[in-house]
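J.: Mind looking over this structure? Questions follow.
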């Protein structure tokens, strides 16, 4: 098979929308899955690292929260003691009798015993006054006279910052004789009620194993661990604390304290580690979680295999779905194609499609049904409108000046001639001649607005001479609209109605105003009178076809409205506004169209 034949076979297959959709979907799916697989394989390491950071962060935050809760509880215990009046009286009042001292000491020891029985994690509890008085544990323990209290950080901090609770790093407590335990000391100042100054210290020695247990009961892999630093970088807890003290192991303390993020990764080859950091606002301690990167990457290969298997499963499922979707999409398209062939033959009744879904194809089918129905309707309406338009044109051409108006005008001319009012006779005769010429000339149904205004000016000139005591008129039409077209004999019936049904029945002088102006793509012409106006009932029936009260020269308001809408469309025509006793406004809206010349061109 030559190249041309192969090309024709391929083009033949792609003439089918179903195969086109199927191949397009398949190509897109395969391409997308390959991209997905490549990205997944390349970024598995970062994903594992990010997940490890998140998990380790949550873990050390939990440790941090547990320690904060524990220290907060111990602070509450310290407040019970430091606020105890028995403690203050015993430590600071010098004039106590022996019995009073014994009574206060007994009360304090009872409180200490209650606390230590309830909390096995408290190694020592004591109050010490700067004047030498103290009570430690059960009252039998003694202070170590070889230790200067002010040399101890926790003691000195409590004195310098009386409103804060001091918390030491881990150490061997040597302030009490023969009681050398590995502890963390929590201390707080006691104010002398007489001088209102710090004159005593309360401290609790917390068992180091409590903090150790909180840190060790967390899984950070086989070799991972948690350690704690204080504000100054001193190690509070480390699972290999003895190795640190002996110098056999080091930690990146400076890097932890100076880190601007909550984690960093060291570059140590196979021993590279992830350090995750969380600092407590309460204690100032920094909790550090250490995870070996080699343990994190154990899951990388397994995760990548899972991604590959998932990708192949998705590919198979996507291919099956593609076949189903392509078939489902093309079935209604085929029906639409068959219906279009029926429309091509002019069989509109057989072209309707059953819409079975609300998707794009369903919407297209629905729109096709609407379109075919609308085409059929428009064809029928077009035939009807053409007939109506022809009738309207004939009626417009046949319309003449109202005989009564003509008779009255001629009578007025005769009367003025007999009265030797020659100027008036000339003016009225000239105006009547223009009216007659306009009504019998111009076979076209349209003329310029300028011509229509000239026609209505002649008409109003005659009416003004007949109703000189009742009628004044103004015509204000913008010059820039004068050369646009308007259907012939539109203004005269409306003006005649305004005179005979609005102005004639008012006893005082009335004003009739005609205004014309441009409004966007439209032209607005208003006929305004301040005559007797109309009621809402009369206004509601003004466009009734057989409303004789609003007929003028055989054209009438209804006829004018019909002619305007037949010629320009349903969005154009006349609207009326009126109030009894205030007058009436008729608004004519037509589109901007230039008058066409004899050769069919717009001029």
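In this note's numbering, the protein residues as written are 905 to 1507.
From the three backbone atoms N, C-alpha and C, an ideal C-beta is built for every residue, glycine too.
(1) Are residue 1127 and residue 1196 closer than 8 Å when you measure CB to CB?
(2) Assuming residue 1154 is part of the beta strand (DSSP E), what are its boundary residues?
(3) Is it true that the segment 1422 to 1437 meets the segment 1487 to 1499, where meeting means three or more beta-carbon pairs spaced less than 8 Å apart?
(4) For residue 1371, I'd like the list of residues in its chain whose CB is within less than 8 Å of its CB, leaving aside the five on either flank, ordered along the chain.
(5) Buried or exposed for residue 1158, please, with buried defined as at least 16 other CB atoms from any protein chain shown within 10 angstroms of its CB.
(6) With a cut-off of 8 Å on the beta carbons, I'd call residue 1189 and residue 1140 a contact; round off their distance for me.
(7) Under a three-way DSSP split, which group does residue 946 fall into?
(8) By how many angstroms is the C-alpha of residue 1020 removed from the C-alpha of residue 984?
(9) Smallest Cα separation from residue 1481: which of 1475, 1474, 1447 and 1331?
(10) Is it the case that the CB of residue 1392 approaches a heavy atom of the ligand FMN more closely than 7 Å?
(11) Just to confirm my understanding: we take residue 1357, look at its own chain, exclude 5 residues before and 5 after, and list those with CB closer than 6 Å. What are they?
(12) Once the 5 residues before and after residue 976 are set aside, which same chain residues still bring their CB inside 8 Å of it?
(13) Apart from the five residues on each side of it in sequence, which residues of its chain come closer than 7 Å, Cβ to Cβ, to residue 1083?
(14) Measuring CA to CA, which of 1112, 1379, 1038 and 1463 is closest to residue 1392?
(15) Cβ of residue 1314 within 8 Å of Cβ of residue 1375?
(16) From what residue to what residue does the beta strand (DSSP E) around residue 1086 run?
(17) With H, G and I counted as helix, E and B as strand and the rest as coil, what does DSSP make of residue 1124?
(18) Is residue 1182 closer than 8 Å to residue 968 when the C-beta atoms are compared?
(19) If you draw a straight line from the C-alpha of residue 1237 to the C-alpha of residue 1265, how long is it?
(20) I'd like to check one pair, residue 961 with residue 1162: are the Cβ atoms closer than 8 Å?
(21) Quick check on residue 1403: does DSSP put it in helix, strand or coil?
(22) Leaving out the 5 sequence neighbours to the left and right, which residues in its chain are closer than 8 Å to residue 1013 when beta-carbon positions are compared?
(23) What is the residue span of the beta strand (DSSP E) that residue 1133 lies within?
(24) Straight-line CA distance for residue 1456 to residue 1281?
(25) Whose C-alpha, out of 1410, 1500, 1081 and 1474, is nearest the C-alpha of residue 1486?
(26) Which value, in whole angstroms, describes the spacing of the CA atoms of residue 1233 and residue 1274?
(27) Within 10 angstroms of the Cβ of residue 996, are there 16 or more other Cβ atoms? Answer buried if so, exposed if not.
(28) Does DSSP classify residue 1380 as helix, strand or coil?
(29) With C-beta atoms as the reference, is residue 846 less than 8 Å away from residue 1112?
(30) In angstroms, rounded to a whole number, what distance separates the CA positions of residue 1405 and residue 1319?
(31) Using a Cβ-Cβ distance cut-off of 8 Å, determine whether residue 1077 contacts chain D.
(32) Classify residue 1490: buried if its beta carbon has 16 or more other beta carbons within 10 angstroms, exposed otherwise.
T.: In this structure, then:
(1) yes
(2) That residue, residue 1154, is in no beta strand (DSSP E); it is neither H nor E in DSSP.
(3) yes
(4) 1403, 1407 and 1408
(5) exposed
(6) 6 Å
(7) helix
(8) 14 Å
(9) Closest option to residue 1481, Cα to Cα, is 1447.
(10) No copy of the ligand FMN appears in this structure; indeed no ligand is present at all.
(11) Here the set comprises 1381.
(12) 1186
(13) 1028, 1045 and 1077
(14) 1463
(15) no
(16) Run containing residue 1086: 1086 to 1095, per the beta strand (DSSP E) assignment.
(17) Looking at residue 1124 - three-state DSSP - the assignment turns out to be coil, as it is neither helix nor strand.
(18) yes
(19) 7 Å
(20) no
(21) helix
(22) 1039, 1042 and 1043
(23) 1129 to 1133
(24) For residue 1456, the predicted structure reports a pLDDT of 46, less than 50, and the residue's modelled location is therefore unreliable. A value from the coordinates is still provided. Roughly 34 Å between the two C-alpha positions.
(25) 1410
(26) 21 Å
(27) It is buried - the Cβ of residue 996 has at least 16 other Cβ atoms within 10 Å.
(28) In the structure shown, residue 1380 sits in a strand (DSSP, three-state: E or B).
(29) Past the boundaries of the shown model lies residue 846; the chain is included only from 905 to 1507, so the question cannot be answered.
(30) 26 Å
(31) The chain inventory of the structure shown lacks chain D, comprising one protein chain alone.
(32) Classification for residue 1490: buried.
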